[in-house]
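S.K.:
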Amino acid sequence: MAFQDIATWQFQARLADGQAVRNTMHFRRNPSAGNVDATWLAAWVADANSTTLINAYKAILRSTDRLEGVLVRATRDPSDPTADRDEAYRVIDAAGTRTPASSSGPDEATCLIEVSGDLAGRRYRGRNWMPPPLDGPAISNGEFIAPTSTYWVNVLAFLTELTKTTYPSGGAHYGGAWNDCDMVVFSRAGRLAGGTYYARARAVSGDTKVRWLRSRNPTLA
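Position 199 of the sequence shown, counted from 1, bears residue number 202 in the working numbering, the numbering being contiguous throughout.
1) Mapping the DSSP letters down to three states, classify A41 as helix, strand or coil.
2) DSSP beta-bridge partners for C184?
3) Taking the straight line between their C-alpha atoms, what separation do you get for M28 and S105?
4) Check whether the segment 125-138 touches the segment 74-82, taking contact to mean three or more Cβ pairs, one atom from each stretch, closer than 8 Å.
5) Quick one: is N182 near chain D, going by C-beta distance under 8 Å?
6) Among the residues of its own chain, which have a CB less than 6 Å from the CB of T211, if the five just before and after it don't count?
7) Let me know the secondary structure DSSP gives I57 once reduced to three states.
8) Identify, in the order they occur along the chain, each residue of the same chain with its Cβ nearer than 6 Å to the Cβ of N26, setting aside the five sequence neighbours on each side.
9) Span of the beta strand (DSSP E) holding V118?
10) Would you give the residue range spanned by the beta strand (DSSP E) that A98 belongs to?
11) If you reduce the DSSP assignment to three classes, tell me which class S208 lands in.
12) Please identify the residue among T113, R69, T168, S119 whose C-alpha is closest to the C-alpha of L216.
13) Give a single yes or no on whether R125 has its beta carbon closer than 7 Å to a heavy atom of the ligand GDP.
14) I need the straight-line Cα distance from L64 to R101, nearest angstrom please.
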């Protein structure tokens, strides 16, 4: 069965060349506030604070790319991978807001963001491959030019918003349907081992080092 407290949030974008980009994150709803069900998922993804986060993500995408929507789901128990689960979808169908560069680059070259959980161990460290810059001038010697690269500035702005969903964010934490909902690092291995299956995210960060995601290749789209 699906967990009653863990949900996934997935940005679904498509680059101008047709390559799909998916960024999936995990969140925990405090059970004292209610379960992760269809009603809450629909309210969560439609919330005004969700719009703020979505707009920050759109700013990473070029105006020639497109954010198709956001898919939110209850998380399945990994020991029962065929179980049904509730979900909700918010159609965005809007172009990104970053101006395309005069000189492009490969889809595979991108930025990696990391999520640090509040428990020790590799299973409590998360990561996400951001949409690629496709911006040759934004890169020098294998690093994103900071702070002048619009791509890098927009990634940092997205991380600022994402940080507001973590438990240490205090008064900056998103309200509305986000109340009692914090970003986590979900561990399938921990669940399958019968142990702790999540760690609360205490920080999110980005690295200026350019990373290569081989599977993000337009010939494989």
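Beta carbons are placed, not taken as given, at the ideal position from N, Cα and C, and that holds for glycine.
M.R.: According to the structure data:
1) The sequence position of residue 41 within the sequence shown is 38, counting from 1. Helix, per DSSP.
2) Counted from its first residue, the sequence shown places residue 184 at position 181. C184 is bridged by DSSP to R32.
3) If you number the sequence shown from 1, residue 28 lands on position 25. If you number the sequence shown from 1, residue 105 lands on position 102. Cα-Cα distance, rounded: 32 Å.
4) no
5) Here there is only one protein chain, and chain D is not present.
6) Translated into the one-based positions of the sequence shown, residue 211 becomes position 208. Only E146, F147, A149 meet the Cβ criterion.
7) To locate residue 57, count along the sequence shown from 1; it is residue 54. Residue state, collapsed to three classes: helix.
8) On the sequence shown, residue 26 is found 23 positions in, with the first residue counted as 1. So the list reads F14, N131, once near-sequence residues are dropped.
9) Within the sequence shown, numbered from 1, the residue matching residue 118 stands at position 115. Residues 115-120.
10) Translated into the one-based positions of the sequence shown, residue 98 becomes position 95. Here the beta strand (DSSP E) through A98 covers 90-98.
11) Mapped onto the sequence shown, residue 208 falls at position 205. Residue state, collapsed to three classes: strand.
12) Within the sequence shown, the letter at position 213 stands for residue 216. For L216, the nearest C-alpha among the options comes from T113.
13) The ligand GDP is absent from the structure shown, which contains no ligands of any kind.
14) Translated into the one-based positions of the sequence shown, residue 64 becomes position 61. Translated into the one-based positions of the sequence shown, residue 101 becomes position 98. Cα to Cα, L64 sits roughly 6 Å from R101.
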